[in-house]
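Position in the sequence shown (first residue = 1) + 184 = our numbering.
Before any comments, here is the structure.
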Amino acid sequence: MSIALDEKYLFEISNRLGQFKKVGERLWNFRCPICGDSRQSSTKARGYVYVAPDRRELLYKCHNCGISVTFSHFLEASFPELYNRYRFERIQE
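So, in structure tokens, the structure goes:
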């Protein structure tokens, strides 16, 4: 598990994530593609990607729907077309 590989794929999908922005050293915020965030306000962005406490991988958390998973599971659920390539690169590491 590599933070560098997770970040590479995060930046690859960043243009598909609404209101994507970097808000900290290793903290990114965007609209949750799983629950869609707020239907009433298109400016709300409650999905976060951050570094795991053990500093070995990135995690995803949505403060709207409550989902909390590793970045690889987030990628598998939201962008399955990229997940296979991600998995292959992860195995090569």
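Ideal placement from N, C-alpha and C gives every residue a C-beta, glycine not left out.
Quick caveat: nothing in here was measured; it's all calculated off a predicted structure.
Of the candidates L194, E273, Q224, E241, L194 places its Cα closest to the Cα of N213. In this model, S186 and R240 are separated by some 6 Å (Cα to Cα). With contacts defined by Cβ atoms closer than 9 Å, S262 and I218 form a contacting pair. With respect to the 9 Å criterion, R200 and Y234 are not classified as neighbours on the basis of their beta carbons. No residue range can be given for L201, since it is assigned to no alpha helix (DSSP H) and is classified by DSSP as neither H nor E.
Across the structure, D221 and R215 are spaced so that their CA atoms are roughly 6 Å apart. Shown here for N268: not one same chain residue has a beta carbon closer than 8 Å to its own, the five before and five after excluded. Leaving aside the five residues that flank L189 on each side, the residues in its chain whose CB is nearer than 8 Å to its CB run, in chain order, Y270, E273, R274, E277.
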